[in-house]
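Here's the structure, in structure tokens; my notes come after.
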Amino acid sequence: MTHFCHYNSLAISGIWEQFTAWDIFVVGYGVLTFMWLKFLLIWRYFRLWALIGGIETPENMPRCINNCYDLEGFWKSWHASYNRWLVRKLLSWALVTCVFWMPEILCKSMMRMPQMANLIGFVVGPTRMQWLISTMLLRDNVSVLIGIFTSFYVGTKLMFHVREIEALKNSK
């Protein structure tokens, strides 16, 4: 995959500053998906060897990063085994972690919007966030931005539907 899709090198090199708004979105989305795939393969490889060795380990990353619509779901999915351990062993740390989620929980209660912090954090970094926002809000890029938010909205609605079906199957 890295021979054909050079997402990480595009993100690190800074050449994306010359890209259009759509290209920046595609590179950011590609970086996140590549990171998910990379960690999925690493964690499942070592889980396989643990299972061969007779050690039962919990499944980590049971959902794709594209199936996480908020920080809470992302945390529970991306760090599934660590989340289980944390809840069982260090409840006080879980409480501290929840304090950091309070801003998102408040925002979620006011409006349901998909999370884009990962795209900003892992691609452009906090120092270039102002540049990204000003680029995305240019008059020429408004249609691209509307398309991105529309696709996130539709994807989130589809995820809700899939999870409802999963809950119905599990309740039977």
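Counting the sequence shown from 1 gives a position; this note's numbering is that position plus 1112. Cβ coordinates follow ideal geometry from the N, Cα and C atoms, glycine included. Fair warning: this is a prediction, and the values are worked out from it, not measured in the lab.
Find the nearest neighbour of residue i within the set the options, judged by alpha-carbon distance.
i	options	result
M1271	C1176, N1282, F1261 and N1253	C1176
F1264	Q1130, D1182, D1135 and P1174	D1182
N1179	S1189, T1132 and G1126	S1189
P1174	S1246, L1153 and H1118	L1153
Roughly how many whole angstroms lie between the Cα atoms of residue i and residue j?
i	j	result
P1226	I1258	Because P1226 carries a pLDDT of 48, less than 50, the predicted location of this residue cannot be relied on, and no value is offered for it.
G1140	T1169	32 Å
F1186	R1251	32 Å
I1164	N1172	17 Å
W1243	T1132	13 Å
F1261	I1167	43 Å
Helix, strand or coil, according to DSSP, for residue i in the structure here?
i	result
T1247	helix
R1196	helix
N1172	coil
F1264	helix
F1272	helix
G1126	coil
I1167	coil
P1226	Note that P1226 scores 48 on pLDDT, short of 50, meaning its location in the model is unreliable and no value can be drawn from it.
K1284	coil
Would you give the residue range spanned by the alpha helix (DSSP H) that residue i belongs to?
i	result
Y1141	A1133 to I1164
K1188	L1183 to W1190
Discussion item. Closer than 8 Å is the cut-off here; do at least three beta carbon pairs connect the segment 1143-1154 with the segment 1250-1270?
Written reply: No: the two stretches stay apart, fewer than three of their Cβ pairs being nearer than 8 Å.
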